[in-house]
Each structure stands twice: as C-alpha cells, then as structure tokens.
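K.L.:
First to last, the protein sequences are chains A and B.
If you're matching positions, the first sequence starts at 1 in this note's numbering and goes up one per residue.
If you're matching positions, the second sequence starts at 1001 in this note's numbering and goes up one per residue.
Here a beta-carbon is modelled for each residue, glycine too, at the ideal position from N, C-alpha and C.
Please read these numbers as outputs of a predicted model, since none were measured by experiment.
There are 2 protein chains.
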Amino acid sequence: MELLILGGSIVTMGPMGVIRDGAVVVEGGRIVDVGKAGELVGRYPRYERLDARNCVVIPGLVNAHQHIAMGLLRGYADDYPLKVWLEEWIWPLESKLTGRDIYVGALLTALESLMGGVTTINTMYHYADDWNEARALADAGLRGVVGHVCFAWRRDEDLSAIQSLAQRWHGGAGGRIRVSVDPHAPYTVDPEYMKELRAVADELNERYEGEAPITLHIHLAETADEAKRVEEAFGVRLEGGVVEYLDGLGVLGSDVVAAHCVHLTEGDIKALASRGVKVVHNPVSNLKLASGISPVPKLLEAGVTVALGTDGPCSNNSADMFETMKVAALLHKGVSGDPTVLSASRALRMATIDGARALLWDDAIGSIEVGKRADIVILSFRKPHLTPLYHEESHLVYAAKPSDVETVIVDGEIVMENREVKTVNVEEVMEMARKAKEDILSRLERERN
Amino acid sequence: MELLILGGSIVTMGPMGVIRDGAVVVEGGRIVDVGKAGELVGRYPRYERLDARNCVVIPGLVNAHQHIAMGLLRGYADDYPLKVWLEEWIWPLESKLTGRDIYVGALLTALESLMGGVTTINTMYHYADDWNEARALADAGLRGVVGHVCFAWRRDEDLSAIQSLAQRWHGGAGGRIRVSVDPHAPYTVDPEYMKELRAVADELNERYEGEAPITLHIHLAETADEAKRVEEAFGVRLEGGVVEYLDGLGVLGSDVVAAHCVHLTEGDIKALASRGVKVVHNPVSNLKLASGISPVPKLLEAGVTVALGTDGPCSNNSADMFETMKVAALLHKGVSGDPTVLSASRALRMATIDGARALLWDDAIGSIEVGKRADIVILSFRKPHLTPLYHEESHLVYAAKPSDVETVIVDGEIVMENREVKTVNVEEVMEMARKAKEDILSRLERERN
Chain A
1 MELLILGGSI
11 VTMGPMGVIR
21 DGAVVVEGGR
31 IVDVGKAGEL
41 VGRYPRYERL
51 DARNCVVIPG
61 LVNAHQHIAM
71 GLLRGYADDY
81 PLKVWLEEWI
91 WPLESKLTGR
101 DIYVGALLTA
111 LESLMGGVTT
121 INTMYHYADD
131 WNEARALADA
141 GLRGVVGHVC
151 FAWRRDEDLS
161 AIQSLAQRWH
171 GGAGGRIRVS
181 VDPHAPYTVD
191 PEYMKELRAV
201 ADELNERYEG
211 EAPITLHIHL
221 AETADEAKRV
231 EEAFGVRLEG
241 GVVEYLDGLG
251 VLGSDVVAAH
261 CVHLTEGDIK
271 ALASRGVKVV
281 HNPVSNLKLA
291 SGISPVPKLL
301 EAGVTVALGT
311 DGPCSNNSAD
321 MFETMKVAAL
331 LHKGVSGDPT
341 VLSASRALRM
351 ATIDGARALL
361 WDDAIGSIEV
371 GKRADIVILS
381 FRKPHLTPLY
391 HEESHLVYAA
401 KPSDVETVIV
411 DGEIVMENRE
421 VKTVNVEEVM
431 EMARKAKEDI
441 LSRLERERN
Chain B
1001 MELLILGGSI
1011 VTMGPMGVIR
1021 DGAVVVEGGR
1031 IVDVGKAGEL
1041 VGRYPRYERL
1051 DARNCVVIPG
1061 LVNAHQHIAM
1071 GLLRGYADDY
1081 PLKVWLEEWI
1091 WPLESKLTGR
1101 DIYVGALLTA
1111 LESLMGGVTT
1121 INTMYHYADD
1131 WNEARALADA
1141 GLRGVVGHVC
1151 FAWRRDEDLS
1161 AIQSLAQRWH
1171 GGAGGRIRVS
1181 VDPHAPYTVD
1191 PEYMKELRAV
1201 ADELNERYEG
1211 EAPITLHIHL
1221 AETADEAKRV
1231 EEAFGVRLEG
1241 GVVEYLDGLG
1251 VLGSDVVAAH
1261 CVHLTEGDIK
1271 ALASRGVKVV
1281 HNPVSNLKLA
1291 SGISPVPKLL
1301 EAGVTVALGT
1311 DGPCSNNSAD
1321 MFETMKVAAL
1331 LHKGVSGDPT
1341 VLSASRALRM
1351 ATIDGARALL
1361 WDDAIGSIEV
1371 GKRADIVILS
1381 FRKPHLTPLY
1391 HEESHLVYAA
1401 KPSDVETVIV
1411 DGEIVMENRE
1421 VKTVNVEEVM
1431 EMARKAKEDI
1441 LSRLERERN
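#1: Does the beta carbon of B/Tyr1398 sit closer than 8 Å to a beta carbon anywhere in chain A?
#2: Check whether the segment 1308 to 1327 of chain B touches the segment 1051 to 1070 of chain B, counting contact only when three or more Cβ pairs, one atom from each stretch, lie closer than 8 Å.
#3: Go through its chain and collect everything with a Cβ distance to A/Ala106's Cβ below 6 Å, but skip five positions before and after it.
#4: Cβ of B/Asp1078 less than 8 Å from any chain A Cβ?
#5: Ignore the nearest five residues each way along the sequence and tell me which others in A/Ser254's own chain have a CB closer than 6 Å to its CB.
#6: Can you tell me where the beta strand (DSSP E) with A/Asn63 in it begins and where it stops?
#7: Out of B/Asp1129, B/Pro1384 and B/Ile1409, point me to the one whose CA is closest to B/Lys1372's CA.
#8: For A/Val189, does the three-state DSSP call read helix, strand or coil?
#9: Would you list the one or two residues that DSSP bridges to A/Asn122?
#10: When you compare only the Cα positions, how much space is there between A/Lys422 and A/Glu428?
#11: Work out the CA separation of B/Glu1002 and B/Glu1417 for me, nearest whole Å.
#12: What residues match up with A/Met416 in a beta bridge as DSSP calls it?
#13: Assign B/Cys1261 to one of three DSSP states: helix, strand, or coil.
#14: Check A/Asp521 in the structure and name its three-state DSSP category.
#15: Is there contact between the segment 139 to 147 of chain A and the segment 430 to 437 of chain A, where contact requires at least three CB pairs shorter than 8 Å?
#16: Which residue marks the beginning of the alpha helix (DSSP H) containing A/Gly267, and which one marks its end?
#17: The beta strand (DSSP E) spanning A/Leu308 covers which residue range?
#18: Which of helix, strand or coil does DSSP assign to A/Lys372?
#19: Label B/Arg1046 either buried or exposed according to how many other C-beta atoms from any shown protein chain fall within 10 Å of its C-beta, with 16 as the threshold for buried.
#20: Using Cβ-Cβ distances below 7 Å, what residues of the segment 417 to 440 of chain A are close to chain B?
#21: Quick one: measure Cβ to Cβ for B/Ile1269 and B/Leu1249, integer angstroms, because I've assumed they're closer than 8 Å.
#22: Mapping DSSP to helix, strand and coil, what is A/Gly22?
#23: When you compare each of B/Val1041, B/Val1243 and B/His1391 to B/Ser1343 by their alpha carbons, which one comes out closest?
#24: Once the 5 residues before and after A/Ala319 are set aside, which same chain residues still bring their CB inside 6 Å of it?
#25: Mind listing the chain A neighbours of B/Gly1115? Cutoff is C-beta to C-beta under 9 Å, in chain order.
#26: For B/Asn1425, count neighbouring C-beta atoms within 10 Å of its own C-beta (all shown protein chains included) and say buried if the count is 16 or more, exposed if not.
#27: Suppose you measure from the CA of A/Pro81 to the CA of A/Tyr187; what does that come to, to the nearest Å?
#28: Quick check: is the beta carbon of B/His1260 nearer than 8 Å to any beta carbon in chain A?
#29: Just to confirm, are A/Ala364 and A/Met321 a CB contact at a threshold of 8 Å?
#30: List, in chain order, every chain A residue whose beta-carbon is nearer than 7 Å to that of B/Pro1388.
#31: Given that B/Ile1005 touches chain A, what residues does it touch there, using C-beta distances under 8 Å?
#32: Would you identify the three-state DSSP class for B/Ser1009, choosing helix, strand or coil?
#33: Measuring CB to CB, does A/Ile376 end up less than 8 Å from A/Ile19?
#34: Measure from the C-beta of B/His1391 to each C-beta in chain A and report whether the shortest distance is under 8 Å.
#35: Assuming A/Phe151 contacts A/His184 (C-beta within less than 8 Å), just tell me the rounded distance between them.
#36: Pick out whichever of B/Glu1209, B/Ile1214, B/Val1251 and B/Cys1261 has its Cα sitting closest to the Cα of B/Thr1223.
Below, the structure written as structure tokens:
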C-alpha cells in the first residue's frame, strides 16, 4: 500500500521533533519520507491520501507489559486483598479457561488496544498450541512479543511450550510477531530453572541469529515481600535485593524486560543500569494492587531505559496507554513534590521509542523516521477537550483519550480507519467474549455444586 | 418532556441499588418512577422512549471543584515549578483575558464536561457582569454553582461582584444555577476579610431563605507551606493547622466546600468533621502540581463527606470525572498499601450523591430516585473495553471513558443524545475558542514588544 498522510502535526519522537503541517509517506510497509506537507504533496501525486488536517500523527504506542488473554476476566473481582483476590477469585476462574477462551480474551484486549492507538504489545500468558495470544495479535493486525509464562512446578511442560511457541510464531505474521522466554518471577521459578531459562533464551537467540532477537520477560520486584518469598520458597539467603539476586544467577542482560521494579535497593538499581536491563513501569496496576510506587525518576537518572505498560485487564482494568502515560507523569510529581519530574515529553517517549527499545525493536518501530516500519496512529484533535492547541505533547499526555484515535496503521496496513476496525468484526468479538464469559461461569458453577 | 428510559442497568446510587433491565420515568423535569423495565413499560405507554439496552444509566456526575473559565489556557504551560508556572505563564496570560474570553473558556469546559457525563459543576473564577461562567453553564444546559473568587487586595470590587452575581444568577436558568461566596484561600484573604465573607454568605442565606442555599467555596490546605504563608502574609501565629485557624475565625460550617485538604493536622481533620465541612478531593490536580496526597481514607473514617473534583483545565488538564474516580480509587490503595481502600463503589458515590451533598443539593440531585430532578447519564457498554460485564460499578470506575457517555439529561431536558449535543454548536464553540486563544496571544505579544 502506498500512502500519503497529509497535514496535521507529526510528532516523530525522532530527530525531526514535531513537524506542523507535516506529511508522512508509506510504501511497502515502511516509512519512506517525512517532512512538510507543502513539500511532499507534489512529490507523491499518485499515492492514496489520508487527510490528517486538525490531527496529530504519532508512532504507534508500545504497551510493554500485558497479559492480553485475561480480557474475559476484567471486572470479575476488584478491591480485594491480593491473596483473596488471587486465590478465591482469579485463579479458580483462570483454571476454567480453555485455549479458545485465551484466544477470545486476547483478541478482545488486542481490539481494545488497537482502538486506543496501541500497535505493539508485549504479553505473557499460558501458551496453548492452537488458540493463543500470538494468533489473536496476528488476527487483529497488531505487532507483539508473546511469551509463555514459566513456573517451577511445570518445568517440562514449559520447556516444550517455549519451543512450540518459538517454532510456530517467532517471526510470524510477516514479522509482526516475536516470542520471548518468560520466567514468571524470582519467587515462582527456582534458581536452577531460572538459569536454565536464561540458557534457553541464549540458545534461541543463537538459533535465530540474524533474525529478530528473543527477549526475556519477567515480573521483578513487584511487591515488598518478594525477597522474603524467594528465601522461603527456595531456601536461599539474599544479601541484597531481588535484582541483585538475579544478577548473581547470571540472568540479567540487555535483553531482559523486567516488569514493575517497584521495590528496589540501591544495588538493584545499579545492577539494572549496568546490565542494561529494560524496566517496564505499570503505574496503574501497581496502584490498584497496592504494590507501591516504582522509583522511576531514580531509574531514569541511573540511565535505565524505562518503558510503560498497562499490565493485564484484571489489574488495571484498561488497556489505555494514554491513561498510563498521564498517571506515570502525574504520580512521580505528586510523590516527589516536584512538578517538573517526568514531563509530558518524557512520558510520551516511554510509551513509544523507549518501549521499542525495551523490546529490542527500536531499529524498526517507536518513532516516525525514514526506513522504519510504518506503525502510525492518527488522532483527531478536533474535539472540545483538545481545543485550543498550544503543545501537541502536552495534549497527548494530559488530555487525549483512546477515543481520539481515528486511524491506526500497522506495518503499513490500515487496521482502523475513522474508527472503523478493518481486521476483525467488533460486534462478533464482543459476542464471542460475552458467550465465553457465560460458559466459564457455568463451568465454575458446575464444579462448585 | 415525558421520557421513559428503558432497559439497561440503572445504577441508582440510592436505596434501590443497581436495577438490571430497569427503567426510569421522567416528567416535568423530575424522576417520577424507577423500577424494572417489564413493570414500567406498560404503565407509561405514551411516553417518548429512550432505548437503554446494553447501557448503564447513572445519576449525572458532580464535579465539585472547577475553574471552568480556564479552558482556553489548557496545555499552555505544564511541568514547571509552581512559582514559575503561575508568575511567568498563567498569571500574565490570565491578565489578558476579557469577560468574553471567560465566557468562551467556560463554555468550552462546560461542553467537554457534559460530553463526559458531568451534569453539575461547582466553579470559581473572576466574575464578569456580562460574560461569565454562570451564563456559559446556563447556555450549555448544565447545572452548577458559580462563585466569584475573592482576594484581600480587591475587597470592594469583590463585595460588589458577589452581590451582582447573586442578584443576577442565584436560582437562574430555571433553578439550575446557584451562587456561592468564594474566599480564594487562607493565605490570600486576611482574617478580617475572611470573617466578613462568612457574614456575607450568612446574609445571603437569610435573604434567600426558603430558596436554594448559598455555599462558601474555598481552597484549603492545598500545599505544605500554607500555614507559613498565612503567618507571613497577615502577621498571625497559627497554633494548629490552617483548618483549625479558619475554625478559630468562625468561618467553618456545613455549608463550607473546601477544595484539596491535602496537608492536614489531626486537629484539622477533627474540625472538618465536627463542623460538617465538605471536602473536595482533586487527586489529578494535586499530583500534577505536586501538592501532595490528601489523607482521604482518614477523612472518610472521621465521617467527613468527601466529593471529587477535577480542578481547572490548567492543572489537570481534563474535565474527565471518570479519570478522577479511577485515580482517586487507585491512588489511596497504592499509598496505603491496602487494595481494599476506596472501592469502586465508594468512588462512584463520591462523584454522585456525595458531590450533591457537598453542594447542599442532595435533596434534588446525586441519585436516581423518585422526586429528584432528572439529571441522568446513559453510557453505552457495547464497547470492547466494557465487555464482558460482571459489575457495573467496577466498569464505571475502572474502565469507562467520557466517550462512552451517549446521552445526557439535565433537569429533564436532553442536552446530548447519541453524542449529539443539543444545547450549543460544538464546531462553533471550538472555533470561538481557537480565535480567542489567538487574540489573547496577540495581546500578550503586543504587551511584550
């Protein structure tokens, strides 16, 4: 498809900054030109035009930590203590999910995400061979990294799932899908298995050398008691924090994507920085589950790449990356007492180019630059809540909503145009989700009787 | 207008709780019947029907602290230290606002608010005789309490503005508009003037006895240095907190609406509770301006009525009460470490019936009950991000967005239907706002040259 996106402000998130009355040219899935509308309009006369006047054009948002399959469980249980929430509500319901439910939940969240300007999702869930998160992302027309979550208690099953996932999906959907190796967390994966998963990731990276990299996606330092839980679970003694512990196991590296990083020692922060670990900040989830507040300004100061994630639909309960940018930008101001901390511009960077960096995908996505894949989002600013306009980045972070997203392009293909989704039937997906929910509740009911 | 809202879940926020497959009957601006759709449909055969299947019907949201006139300044300056922000950015621009700009900014924010399900706004700004916030609320078809903000340095002007505002607008727009007496804050209004404003409020309440009450709206305990600023400004010595100081002046009462209440002593909390002062929590603004985090759970525990507000468009930068409900519900979980704190149900109450209580208007609004004025909001839940549905209140607080609001009724009149605004022309208001912004910037530019 040859496309000329014309007019409006192009917020490139690259060296060209913000281009007012700009234009972007897309060809063969790639961005081939970026500049002023007046200059480009004559150069590409036969290209299909997308009118972006009164619009703001941004790189597709990167949601760097998700569990998209949990879409069916959103709002099932909230405001409970963590233990009760997991043991009495979430786990019993999750145990009733079929592969097909995983697919439907994932498709639902993928749909919500794309309608809100998210083009890339890093997601972790139980992998099922036929119906899974990768297939949902592929069907929705999105880009993503998909991992199978690994636990100490199911090592053999996990190792087989990782291989199956990699074979079937790494580089899948025309390169839009990549896979990762996902130890659940330090307290649920024993030290030996953790090292083994590190080795599996290394082996896969050797196998796919020259192709897309494989990341290692893990929950890390989410709750205050994590170090204690590691000690109790595996009879080890931690000298420092949980990050230092993982470093001691040789697990850390620049391919590690660590979600949360809320409770960190000074040594932990040093280890994250020196190993080039990428941190994913999930402020909404961390608040909702009362996990605490990640020391993001300190991480940034230490030079750590920090991306943003919503976390799963049960602990947020939204896939809204605009909300996540705003909450991130606000929370650290409020907590530090310094209103200059984490500016709108920084929050936008975390949700775009730094998200791409976290997934080792910044060579191809995360900014609007010539040569990159065309993952582009067009927002209408012709709305009372975005009028008048002084600074695009301020409105994007502090005032814009998912519903302001008009058109979404992934890998050069239009997946939503003027809010009409092109890849899946929205009504059908919702009906599938309603039916799946009723079936899950029936199965749960039958078991309880 | 005779209306039968039929189908969907009615979240009454009153003794009837949530009614699934419910119906609400509106006649002469009032709610005259509420119940099951199956029972009411036959009883009102000739009433105009509003189809609310797959929808959730709630009382109109109450935004209990705003400065709606500042709509034109949204996004003009962000992420600066408070002093720089006010002195170098906001105040110079505000000094260039005409009465007409105040009206246009207020109309813009009123429009954004109604499109997001807000039907009542408590707003404070400089009152101008011809073009003002009251007129904007009236024109938009909204309900509201409007106050003229008072400062020590312009006592005579203020007292005259209060009288003018009360005469022209108290009970205006068919009772939709009420007025308040608004000392700006303890550090900008000297003790004598503060007592005088208390007396003015009392006099007005006597004058309008039997009619609508007049509230006293004030910023209180917003920043950590407020007590010190009071001492420095007026040469007084505070024994306790700023609330205790106001109590000592005899200012507090159940008609006082105190915005912020972030930095409170134990004595302050006791004074708020014992005097029946209503607190308005503005979590988004407090974070953005790095003011701190109000001890809301403690206030609730002490029996204080706590409402929610967005604060003005410059310190938020949104009039989105769904966002404010979510941030309120999340923030206090994250800060306390207790995920059961401030449930979805409580947040919704703060934004509806407790907002009405704060404005002494709960006899007529804040819940869907027979006899109350018909301020009703219908949200479509036929959206991927609201599917499937387990609990209405959870989705309303944790997942719903302003754009999910389909239809809004104020005082029995439909002001928006299927997202089409009936009271003002949306395109015209935006064009007025764009032009007003350009004019203000030109005036500022001319002054600087």
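P.N.:
According to the structure data:
#1: yes
#2: yes
#3: Ile68, Ala69, Glu133 and Ala136
#4: yes
#5: Gly276
#6: Leu61 to Gln66
#7: B/Ile1409
#8: coil
#9: A/Val145
#10: 13 Å
#11: 15 Å
#12: A/Val408 and A/Val421
#13: coil
#14: No statement about residue 521 of chain A is possible, as the shown extent of chain A runs from 1 to 449 and does not include it.
#15: no
#16: Glu266 to Arg275
#17: Val306 to Leu308
#18: coil
#19: exposed
#20: Val426, Val429, Met430, Ala433, Arg434 and Lys437
#21: Between B/Leu1249 and B/Ile1269 the Cβ distance is about 18 Å, and since that is not below 8 Å, they are no contact.
#22: strand
#23: B/His1391
#24: Thr109, Glu112, Ser113 and Thr310
#25: The sequence shown places Met at residue 1115 of chain B, rather than the Gly named in the question. Near B/Met1115 (Cβ distances below 9 Å), the residues of chain A are Lys383, Pro384 and His385.
#26: exposed
#27: 19 Å
#28: no
#29: no
#30: Leu72, Ala433, Arg434 and Lys437
#31: Under the 8 Å cutoff, chain A gives no residues; its nearest Cβ is about 23 Å from B/Ile1005.
#32: strand
#33: no
#34: yes
#35: 5 Å
#36: B/Cys1261
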